[in-house]
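First to last, the sequence lines map onto chains A and B.
Mapping the first sequence onto this note's numbering, position 124 (from 1) lands on 124, and the numbers just tick up by one.
Each number in this note's numbering corresponds to the 1-based position in the second sequence with 169 added.
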Amino acid sequence: MIKLSTLFWLVLVSTTGFAMFAVKYGVQSLEDELNRTKRATIAEEHAIRADEAEWAYLTRPETLDEINRRHLALGPITTKQLRTSVIDIPLRAAAPVVVDAPVVAVAEQPAESAPPAIPASTIAPALLEKQAEVVELARPAPTKVMAKPVPSRRPKSLDELIAQVVANR
Amino acid sequence: MKIATQRFDDNPCRPRHFKPPPCVAIIPDGPAKQTLEACHTRLLVTGGLFALVFAVVALRVVEIVAVGGGTAESQIARFRIVTPPEPSHADIVDRNGNVLATTLDSPSLYANPKQILDATEAANKLVSVFPTLGVAEVFAKLISSKSFVWIRRHLTPAEQYNVNQLGIPGLEFEHEERRVYPDGGLTSHVVGYAGIDNAGFAGVERGLDAVLRGRREPLQLSLDLRLQYILHEELQRVIDDFTAKGGAGLIMDVNSGEILAMASLPDFDPNHPTAPDPEHPAVALADRMFNRVTLGVYELGSIFKIFTVAMALDYGTATVTSTYDASHPIRIGRFTISDYHGKHRVLSVPEILMYSSNIGAARMAVAAGAQMQREFLTRLGLLETPKIEISEVGTPHYPAKWREVNVMTIAFGHGISVTPLSFATAAAALVNGGILRQATLLKLPAGYEPRGQRVISAKTSEQMRKLMRLVVEHGTGTMAAAPGYVVGGKTGTADKVSGRHYAERKLLSSFVGVFPINDPKYLILTMVDEPHPNKQSHGYATAGWTVAPATSRIIERIAPLLGVQPLDESSPEVQRALMVESLQGKRIEAY
């Protein structure tokens, strides 16, 4: 009986001791790895900083301007280019779809009278005025055209919807 | 025991079959007993000692393994934990995240003179790597009695390699951090620069040094690098075209007070603050370091008339329809106030601003009085040192005693010197609905409008917008127009003071522009110091010919970047929003 309990304690003590050492060495090697990773992270952070500084240096507005002048010759956007908003872009002539007569009349109007996007400053103010009127007319057109066919023929997929929109334009 | 056995065996009379019983208690006596007891005690003591030693060893093992030690040797045996270095100075970035200032590692070379074997040879070799160093200077350092002397700070990787190649014992490298400004001179006056130990010496680096120190996240400024570049380039163009001494400008968000760009020319490279400018070697260092926007105070001239008009309208001493006689120059004391391009007739308030009439502005201010004028300028913050994140700020100059002559000259911007920054802050309040907000260099959350102080009524502000639009539409500032962006503004051409007199030929031309004036968003103030007329300007160096066209170019370039939608200026909505009732149906005389 005594011998059995002694053996038990002996095994327990040696197991605990071994486990303790194993854990200790495990922790140590993990700590080593952690330190290595931390060092690598710090080095990487420094490298990133240097790269960011270099990127900032290489993309200075001054440099970009010079490169642009040499290769692209892009200029600032002028008011002429910005004058027309999306609404001002005339709609294409409606496809021969069977729709109500007044809707066709409204939808086709911009196609008849609105010229393609002419630089606004070259147009006389009077003409500009007129164009603005046309735009006013054209604005409700898409909703009117869309309103009729949609309830009758609901698009089943996105492609179909796009096809419908294209057809109505 | 032996004695006892011997005694029985030796007994000659014992019977042969008799053997003494083996277990009989033998009680030693005398010296034998003593010897036995001594042995016993020794054994016990020795055993006890061994047990104690083993117990100590066992305890120590348990302590080392389980508790982890804590004594010197166990610390040495263990690996040192790597901790990331403390952040020294945070980066500075613009509102879009472009790096304006960052900290990079760079090695610095130092020597331990006690370890230098041959100082002469070492000095000669070092000078071959760093030609800018003097042999005598290096030699003196190498023979000094100290054990640490800096030879050179912040080496390039190539220099470090070359020094290593020399193979001189006693030379060591120390890793140091260095501030780097990728954009160089472009943002020099805003960002400033830091010295050799990263202590801020100017600009944000100095003004917000405490904030930058020990901070990990970058500090985001309100500056927009693209706008800064455009402003810088256009100002430089004006300076070159009109062979001016310098220039300054700023772009401000009128609703939040954020400064989107701020430039002062000539400028310096913060990476090498003391190095001469390779393009303009003659320009003095102090001139390049001088921040004309926040530190310089100037008599800004006619652009001050917007304050005179706003004061008169807000206090009710004048209305838009009021008229003032500007047919004859005013003589007061030794001064004569006259108009640059006089109309020589009675002018209405819009006309005074449009044609920039000094006589009219002076009469308008006199009608309001000194006390009101002073009170109004104080309210706009023009009589105090501006508050901003950088420490280079200029204190305004104004008369201690506000006499009638001062009232008259201040009405058209002479006899009072303020910083362009204070001017822009106050001018923004005139157009944004009447709220004065402190200018800031820090980015504010999108759409956030800091709490301001109401300085004029919303109605006066609206009237001011209409009047400033007239200046660009029909008055002195027609060249500032940027079709589609509805620019409003005011020109100002001041004679510079030299000594006790105004110098006729030395001008300070400035322009304040706001766009779109029907719904003000951005304010641009440009100023050029001592411009000279050129052929294209038909002999003029006034604001209308110098900075006004520059403002137009700047607006045309920055508006698409800022997402300002161009408008049809002739559209009824815009016309209605900017209509001045009193001028309706009248023919407006060209300037």
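Glycine included, each C-beta is placed from N, C-alpha and C at the ideal position.
Can you give me the Cβ contacts of GLN284 (chain B) inside the same chain, cut-off strictly under 7 Å, excluding the 5 residues immediately before and after it?
PRO338 and GLY339
Pair within 9 Å by beta-carbon distance, PHE684 (chain B) and LEU694 (chain B)
no
Endpoints, the alpha helix (DSSP H) within which ALA292 (chain B) is located
288 to 298
Give the single residue among B:GLU290, B:MET421 and B:ASN703 whose Cα lies nearest to the Cα of LEU731 (chain B).
B:MET421
Roughly how many angstroms lie between the CA atoms of VAL222 (chain B) and ALA201 (chain B), to the nearest whole one?
32 Å
With 9 Å as the threshold, decide whether the Cβ of SER243 (chain B) is near any Cβ in chain A.
Its pLDDT being 48, under 50, SER243 (chain B) is placed unreliably in this model, and the coordinates cannot settle the point.
How big is the Cα-Cα spacing for SER56 (chain A) and VAL359 (chain B)?
At residue 56 (chain A) the sequence reads Ala, which differs from the Ser that was named. Cα to Cα, the separation comes out at about 17 Å.
Is the beta carbon of ALA595 (chain B) less than 9 Å from the beta carbon of LEU605 (chain B)?
yes
Residue of B:GLN622, B:SER751 and B:GLU561 minimising C-alpha distance to GLY550 (chain B):
With distances taken between Cα atoms, GLY550 (chain B) lies closest to B:GLN622.
Between the C-alpha atoms of ASP494 (chain B) and HIS643 (chain B), what's the straight-line distance to the nearest angstrom?
21 Å
Return the CA-CA distance between GLY167 (chain B) and PHE476 (chain B), expressed in angstroms with no decimal places.
The question about residue 167 (chain B) has no answer here: the residues shown for chain B are numbered 170 through 760.
Nearest candidate by alpha-carbon position, reference GLU402 (chain B), set A:SER29, A:LEU161, A:VAL166 and A:THR63:
A:THR63
Inter-residue Cα distance where the pair is CYS182 (chain B) and LEU205 (chain B):
31 Å
Check the C-beta distance from ASP410 (chain B) over to ASN703 (chain B) and give it rounded, since I have them as a contact under 8 Å.
6 Å
Only counting the same chain, and skipping five residues up and downstream in sequence, which positions put a Cβ closer than 6 Å to that of GLY682 (chain B)?
ALA649, VAL656, GLY658, ILE693 and THR720
Spell out a yes or no on whether the region 281 to 300 of chain B and the region 350 to 365 of chain B are touching, meaning 3 or more CB-CB pairs, one atom from each, closer than 8 Å.
No, because fewer than three Cβ pairs between the region 281 to 300 of chain B and the region 350 to 365 of chain B fall closer than 8 Å, the two stretches do not touch.
Taking the straight line between their C-alpha atoms, what separation do you get for VAL743 (chain B) and SER496 (chain B)?
34 Å
Leaving out the 5 sequence neighbours to the left and right, which residues in its chain are closer than 6 Å to THR662 (chain B) when beta-carbon positions are compared?
Around THR662 (chain B), the same chain offers GLY470, LEU676, SER678, THR711 and ALA712 as residues with beta carbons nearer than 6 Å, after the five sequence neighbours per side are excluded.
C-alpha gap between ARG769 (chain B) and GLY538 (chain B), whole angstroms:
Only positions 170 to 760 of chain B appear in this structure, which leaves residue 769 (chain B) out of reach.
Distance check for SER739 (chain B) and LYS80 (chain A), CA to CA, integer angstroms please.
If you take the alpha carbons of LYS80 (chain A) and SER739 (chain B), they lie about 15 Å apart.
Indicate whether at least one CB of chain A lies closer than 9 Å to the CB of VAL683 (chain B).
It does not; no Cβ of chain A falls within 9 Å.
Sufficient close CB pairs (3 or more, under 8 Å) joining the region 377 to 385 of chain B to the region 255 to 266 of chain B:
In short, these stretches touch, since the Cβ pair count reaches three.
May I ask you to list, following chain order, the residues of the region 4 to 16 of chain A that have a beta carbon less than 7 Å from some beta carbon of chain B?
none
What number of angstroms, rounded off, separates the C-alpha of LYS38 (chain A) from the C-alpha of VAL251 (chain B)?
7 Å
Using a Cβ-Cβ cut-off of 9 Å, state whether ALA444 (chain B) counts as contacting chain A.
No - not a single Cβ of chain A is within 9 Å of the one on ALA444 (chain B).
Alpha carbon to alpha carbon, how far is GLN164 (chain A) from LYS148 (chain A)? Give it in angstroms, no decimals.
Any reading at LYS148 (chain A) is ruled out, since the residue's pLDDT is 41, under 50, leaving its predicted position unreliable.
In the DSSP assignment, the beta strand (DSSP E) including MET421 (chain B) goes from what residue to what residue?
415 to 422
Excluding the five sequence neighbours on either side, which residues of its own chain have a C-beta within less than 7 Å of the C-beta of ALA530 (chain B), listed in chain order?
Spatial neighbours of ALA530 (chain B) in its own chain (CB-CB distance under 7 Å, excluding positions within 5 residues in sequence) are listed in chain order as LYS474, THR477, ILE521, ALA580 and PHE581.
Segments of 3+ residues assigned as beta strand (DSSP E) that fall wholly inside the region 688 to 716 of chain B
691 to 698
Whether or not the region 271 to 289 of chain B and the region 303 to 319 of chain B are in contact is what I'm after, with contact meaning three or more pairs of Cβ atoms, one per stretch, closer than 8 Å; do they touch?
Output reads yes: the region 271 to 289 of chain B touches the region 303 to 319 of chain B.
Within the region 384 to 445 of chain B, ranges of the beta strand (DSSP E) (whole runs, at least 3 residues):
415 to 422 and 428 to 434
Rounded C-alpha distance that separates ASP508 (chain B) from MET533 (chain B)
14 Å
Is ARG483 (chain B) close to chain A? Criterion is C-beta to C-beta, closer than 9 Å.
It is Asp, not Arg, that sits at residue 483 (chain B) in the sequence shown. No, no contact with chain A.
Going by DSSP, what residue range makes up the alpha helix (DSSP H) through PHE308 (chain B)?
304 to 311
What is the residue span of the alpha helix (DSSP H) that TYR330 (chain B) lies within?
326 to 335
Using the C-alpha atoms, what's the distance from THR505 (chain B) back to THR492 (chain B)?
THR492 (chain B) and THR505 (chain B): Cα-Cα distance of roughly 21 Å.
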